[in-house]
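Here the structure is laid out as structure tokens; the discussion comes afterwards.
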Amino acid sequence: MSQRLEVEIAGLKMQNPTMLAAGILGLSGASLREVIDNGAGAVVTKSVGLKPREGYPNPAVVQVNCGLLNAMGLPNPGVRDFVEEIRELKQERAGVPIILSIYGFSPEEFAQTARIAAKMGADALELNVSCPHVKKTGSEIGQSPSLVAEVVRKVKSVVEKPVMVKLTPNVADIVEVAKAGVKAGADAITAINTVRAMAIDIETKQPILANKIGGLSGPAIKPIAVRCVYEIYEAVDVPIIGCGGITTWQDAVEFMLAGASAIQIGTAIASKNLGVFKSVTRGVDSYLRRTGFRSIKDIVGLSHRC
Amino acid sequence: MSAYLTAASQLRTVRILGVNNETQTIKSFIFRDRLAAKASPGQFVMIWVPSVDEVPMSLSTINSKEGLATITVEKVGEATGKLHKMKVGDVIGVRGPFGNGYTLTNARNVMIVGGGTGLASLAPLVEEMAQHKGRRVTFLLGAKTCGELLFQERMKTVFATMNQKIVATTEDGSYGTKGLVTEPAEQLLAKEKFDMVYACGPEHMMYRMFVLTERFRVPFQASLERFMRCAIGLCGTCVIGRFRVCKDGPVFSGDQLREVKNEFGYFRRGFNGRKTAV
């Protein structure tokens, strides 16, 4: 791959701008390694917390038009047990950043989890203040700029590693939350997590997801995510990682023009399998070559000139 | 309708058209679903039991002519318990078929090893094989006791048309040879040259068959079972090594299993990602 594709986010060097989004496949070291071997520039793990969680009963995932609805409920083995999965991976695949997504039910819990995650070798942390379907965490924190600021401050005070904040679109003004996070010390912003949504089966007249309400991902939310990245780019100086419905290289370029320095891929793996990382990377590379740009940096936020 | 993802991964609600009591603890449920009826042997579906759960199930009949499919369910937990109470006309949800089924090769001398409800996914494979003459099939069937041997009539009908040999074992000796199905399998493998071995059943049995086929250098395929959620390769619940059972399996080749031999037969992951012994 060419140098055109190299990006650096908050000190993390990546060979290409594609990252595995949190929540997808990131529960075991071997599956993260498989994603890396299929060309991801960096990987974000499933969100881990202080204690293990089973998550919600099934159905936890249902397909809807243009998107996917899920309410997994933050299943994870707990940050301490996750060490085992990450340690080996770190040795085998040095050079590809491994970003631990963490959640907590309070700013203190976030900080405690962050400290353990950093110690176990995470290259960076992504704070999940945006999961839309678990009470007392995720977007219940992420909807309050002051709570987000408190979480970021507490985490930054205990870890030296770069800290990204993943934001929820389920707010009136995402810019306000982004600004609060950055002011508190966030090194990058990831936008966006899933959009609160639901589906009802008309035969049984029941909500399909066991949790009734879940988060919508996939192509359906891409325009929402592009708008969020665009708005945040005008308001903050830290790098933005675009996430939400990215399936093709054209989607990736669109996010970069809106202001994203890198992009995350999740739901597209269901339709395009793990080859999606290489196909997006190749497409972005030939776009840059064809349009005469020497680096991804040169197109980040270009749509703001108009 | 959007072409996003595939029609197969959308949830359909279907009515149960028929219920068969197979054994005291196993029932079959027949439903009409065009997509499930087009599955290949060994693929699986996700069955939604409204208000209770959604669970992965093998298809035990695949009838593309009439658009019918069947799941064969052992009563083991909440979802299967609720299913066992369901009657003709009740509604269940179906997603799939998902994953890779058994690969039919031009192998001439084939061994099929089924244990317990593992027969559910093997029965359509046997019926498919019966369509193509010139193959010799040795069928090894294992169960705890005589009453738990599945599809005896159905298998007799298929086998009547085939060049075959059947060996049945029960752990209590109430039918066939007393003992585990892997014992006659080992004897046969030592005696005879097989071109392919298929297995579905308890993981210990499949692991033993894997070890035997490695020793006797026979190509192998086995259908694995893991906890599942999304069934479309995203959530990571069903991972074994670098593979996702829902997408890369559920049927794996001996070559693939060799890659995960520290995990296959030893542990599976719970919904929280933690390892538990198989």
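Just so you know, the protein sequences line up as chains D and V, in that order.
Sequential numbering from 1 applies to the first sequence in our numbering.
Sequential numbering from 1001 applies to the second sequence in our numbering.
All residues carry an ideal CB built from backbone N, CA and C; glycine is no exception.
For the segment 230 to 306 of chain D, which segments carrying the alpha helix (DSSP H) assignment without a break, of at least 4 residues, lie completely within its bounds, in sequence order?
249 to 258, 268 to 272, 276 to 291
Which value, in whole angstroms, describes the spacing of the CA atoms of Pro1050 of chain V and Val7 of chain D?
If you number the second sequence from 1, residue 1050 of chain V lands on position 50. If you number the first sequence from 1, residue 7 of chain D lands on position 7. Pro1050 of chain V and Val7 of chain D: Cα-Cα distance of roughly 47 Å.
In three-state terms, what does DSSP make of Glu8 of chain D?
Start at 1 with the first residue of the first sequence, and residue 8 of chain D comes out as number 8. Strand, per DSSP.
Nearest CA to the CA of Asn1109 of chain V: which residue from V:Ile1030, V:Ile1092, V:Glu1153, V:Asn1163?
Taking the second sequence and counting its residues from 1, the one referred to as residue 1109 of chain V is at position 109. Cα-wise, what sits closest to Asn1109 of chain V is V:Asn1163.
In terms of residue numbering, what span does the alpha helix (DSSP H) encompassing Met1086 of chain V cover?
On the second sequence, position 86 is the one that residue 1086 of chain V refers to. Unbroken run through Met1086 of chain V: none, as it is neither H nor E.
DSSP on Thr18 of chain D, reduced to helix/strand/coil?
Reading the first sequence from its first residue, position 18 is the one you call residue 18 of chain D. DSSP places Thr18 of chain D in strand when its eight states are reduced to three.
Have a look at Ala1036 of chain V and Asn193 of chain D and give me their C-alpha separation to the nearest angstrom.
As a first step, residue 1036 of chain V must be located in the second sequence, where it is residue number 36. As a first step, residue 193 of chain D must be located in the first sequence, where it is residue number 193. Their backbone Cα atoms lie some 33 Å apart in a straight line.
Under the assumption that Val1197 of chain V contacts Gly1142 of chain V (Cβ atoms under 8 Å), give the Cβ distance between them as a whole number of angstroms.
Against the second sequence, residue 1197 of chain V aligns to sequence position 197. Against the second sequence, residue 1142 of chain V aligns to sequence position 142. The Cβ separation is near 14 Å, so there is no contact.
Based on the DSSP secondary-structure assignment, which residues constitute the bridge partners of Phe1098 of chain V?
On the second sequence, position 98 is the one that residue 1098 of chain V refers to. Bridge partners of Phe1098 of chain V: V:Phe1044.
Could you pull out every unbroken beta strand (DSSP E) segment of at least 3 residues lying fully inside the segment 121 to 149 of chain D, listed in chain order?
Taken in chain order, the unbroken stretches of beta strand (DSSP E) that lie wholly in the segment 121 to 149 of chain D and span 3 residues or more are 124 to 128.
Quick one: grab the DSSP three-state call for Ala1277 of chain V.
Here the question's residue 1277 of chain V lines up with position 277 in the second sequence. Three-state result, Ala1277 of chain V: strand.
Below 8 Å on the Cβ atoms is my guess for Ala40 of chain D versus Cys243 of chain D; work out the distance and round it to an integer in Å.
As a first step, residue 40 of chain D must be located in the first sequence, where it is residue number 40. As a first step, residue 243 of chain D must be located in the first sequence, where it is residue number 243. Between Ala40 of chain D and Cys243 of chain D, the beta carbon gap of about 13 Å keeps them out of contact (Cβ cut-off 8 Å).
Flag Asp1053 of chain V as yes if its beta-carbon sits less than 8 Å from any beta-carbon of chain D, otherwise no.
Walking along the second sequence from the start, residue 1053 of chain V turns up at place 53. Yes, contact with chain D.
Is the CB-CB distance between Met1046 of chain V and Gly1096 of chain V below 8 Å?
For this step, residue 1046 of chain V is matched to residue 46 along the second sequence. For this step, residue 1096 of chain V is matched to residue 96 along the second sequence. A contact, by the Cβ cut-off of 8 Å.
To which residues of the same chain is Tyr1175 of chain V closer than 7 Å at the C-beta, ignoring the five residues directly before and after it?
Along the second sequence, read from residue 1 onward, the residue named residue 1175 of chain V stands at position 175. The answer, listed in chain order, is Cys1146, Leu1149, Ala1168.
So, is Arg1258 of chain V buried or exposed, given that buried needs 16 or more other C-beta atoms within 10 angstroms?
Within the second sequence, the letter at position 258 stands for residue 1258 of chain V. So Arg1258 of chain V counts as exposed.
Using beta-carbon positions only, say whether Val1073 of chain V and Phe1029 of chain V come within less than 8 Å of one another.
As a first step, residue 1073 of chain V must be located in the second sequence, where it is residue number 73. As a first step, residue 1029 of chain V must be located in the second sequence, where it is residue number 29. Result yes, Cβ atoms of Val1073 of chain V and Phe1029 of chain V sit closer than 8 Å.
What residues in the segment 15 to 39 of chain D have a beta carbon less than 7 Å from any beta carbon of chain V?
Ile24, Leu25, Gly26, Leu27, Ser28, Ala30, Ser31, Arg33, Glu34
Could you say if the segment 225 to 239 of chain D and the segment 177 to 187 of chain D meet the contact criterion of at least three C-beta pairs nearer than 8 Å?
yes
Three-state secondary structure (DSSP) at Ser28 of chain D?
As a position in the first sequence, residue 28 of chain D is number 28, starting the count at 1. Three-state result, Ser28 of chain D: coil.
If the criterion is Cβ atoms closer than 8 Å, does the pair Lys1261 of chain V and Gly1099 of chain V meet it?
Stepping through the second sequence from its first residue, residue 1261 of chain V is reached at position 261. Stepping through the second sequence from its first residue, residue 1099 of chain V is reached at position 99. Going by beta carbons, Lys1261 of chain V and Gly1099 of chain V fall outside the 8 Å limit.
What's the gap between the Cα of Asp187 of chain D and the Cα of Arg153 of chain D?
Here the question's residue 187 of chain D lines up with position 187 in the first sequence. Here the question's residue 153 of chain D lines up with position 153 in the first sequence. One Cα belongs to Asp187 of chain D, the other to Arg153 of chain D, and the distance between them is close to 11 Å.
Report yes or no: is there a C-beta of chain V within less than 8 Å of the C-beta of Asp251 of chain D?
Indexing the first sequence from 1 puts residue 251 of chain D at position 251. Not one chain V Cβ lies under 8 Å of Asp251 of chain D.
Would you mind reading off the limits of the beta strand (DSSP E) that contains Lys1075 of chain V?
In the second sequence, the residue the question calls residue 1075 of chain V occupies position 75. Run containing Lys1075 of chain V: none; DSSP gives neither H nor E here.
Give me the Cα-Cα distance between Phe1267 of chain V and Val226 of chain D, rounded to the nearest whole angstrom.
As a first step, residue 1267 of chain V must be located in the second sequence, where it is residue number 267. As a first step, residue 226 of chain D must be located in the first sequence, where it is residue number 226. For Phe1267 of chain V and Val226 of chain D, the distance between alpha carbons rounds to 42 Å.
Quick check on this structure: which residue in D:Ala10, D:Leu27, D:Glu92 has the alpha carbon closest to the alpha carbon of Arg1269 of chain V?
Numbered from its first residue, the second sequence carries residue 1269 of chain V at position 269. Out of D:Ala10, D:Leu27, D:Glu92, D:Leu27 has the C-alpha closest to the C-alpha of Arg1269 of chain V.
Give every residue of the same chain whose Cβ lies closer than 7 Å to the Cβ of Ser2 of chain D, excluding the five residues on either side of it in the sequence, and list them in chain order.
Here residue 2 of chain D is taken as the residue at index 2 of the first sequence, counted from 1. Result list for Ser2 of chain D: Asp285, in chain order.
By Cβ distance, which residues of its chain are closer than 8 Å to Ala149 of chain D, with the 5 residues on each side in sequence left out?
Residue numbering aside, residue 149 of chain D sits at position 149 when the first sequence is read from its first letter. Here the set comprises Ala180, Gly181, Lys183, Ala184.
In whole angstroms, what separates the C-alpha of His1084 of chain V from that of Glu88 of chain D?
As a first step, residue 1084 of chain V is located in the second sequence; it is residue number 84 there, counting from the start. As a first step, residue 88 of chain D is located in the first sequence; it is residue number 88 there, counting from the start. So the alpha carbons of these two residues sit roughly 44 Å apart.
Would you identify the three-state DSSP class for Val1245 of chain V, choosing helix, strand or coil?
Sequence index remark: in the second sequence, residue 1245 of chain V carries index 245 (1-based). Coil at Val1245 of chain V, not helix or strand.
Just to confirm my understanding: we take Leu125 of chain D, look at its own chain, exclude 5 residues before and 5 after, and list those with CB closer than 8 Å. What are they?
Within the first sequence, numbered from 1, the residue matching residue 125 of chain D stands at position 125. Excluding sequence neighbours, Leu125 of chain D sits near Ile99, Leu100, Ser101, Ile102, Ala114, Ala117, Ala118, Val155, Val159, Lys161, Pro162, Val163, Met164.
Could you tell me the boundaries of the alpha helix (DSSP H) in which Leu209 of chain D lies?
By 1-based counting over the first sequence, the position of residue 209 of chain D is 209. Note, Leu209 of chain D: premise wrong, no alpha helix (DSSP H); not H, not E.
Which residues, in chain order, does the segment 1212 to 1245 of chain V contribute to contact with chain D at a C-beta distance below 9 Å?
The segment 1212 to 1245 of chain V vs chain D, Cβ under 9 Å: Met1228, Arg1229, Cys1230, Ala1231, Ile1232, Gly1233, Leu1234, Cys1235, Gly1236, Thr1237, Val1239, Ile1240, Gly1241, Arg1242, Phe1243, Arg1244.
Between Gly275 of chain D and Val229 of chain D, is the Cβ-Cβ spacing less than 8 Å?
Locating residue 275 of chain D in the first sequence gives position 275, counting from the first residue. Locating residue 229 of chain D in the first sequence gives position 229, counting from the first residue. Cβ atoms of Gly275 of chain D and Val229 of chain D: not closer than 8 Å.
Give a yes or no on whether the minimum CB-CB distance between Lys1261 of chain V and chain D is below 8 Å.
Looking up residue 1261 of chain V in the second sequence gives position 261. Output row for Lys1261 of chain V: interface = no.
Find out if the Cβ-Cβ distance for the pair Ser1060 of chain V, Gly1101 of chain V is shorter than 8 Å.
One-based indexing of the second sequence puts residue 1060 of chain V at position 60. One-based indexing of the second sequence puts residue 1101 of chain V at position 101. No.
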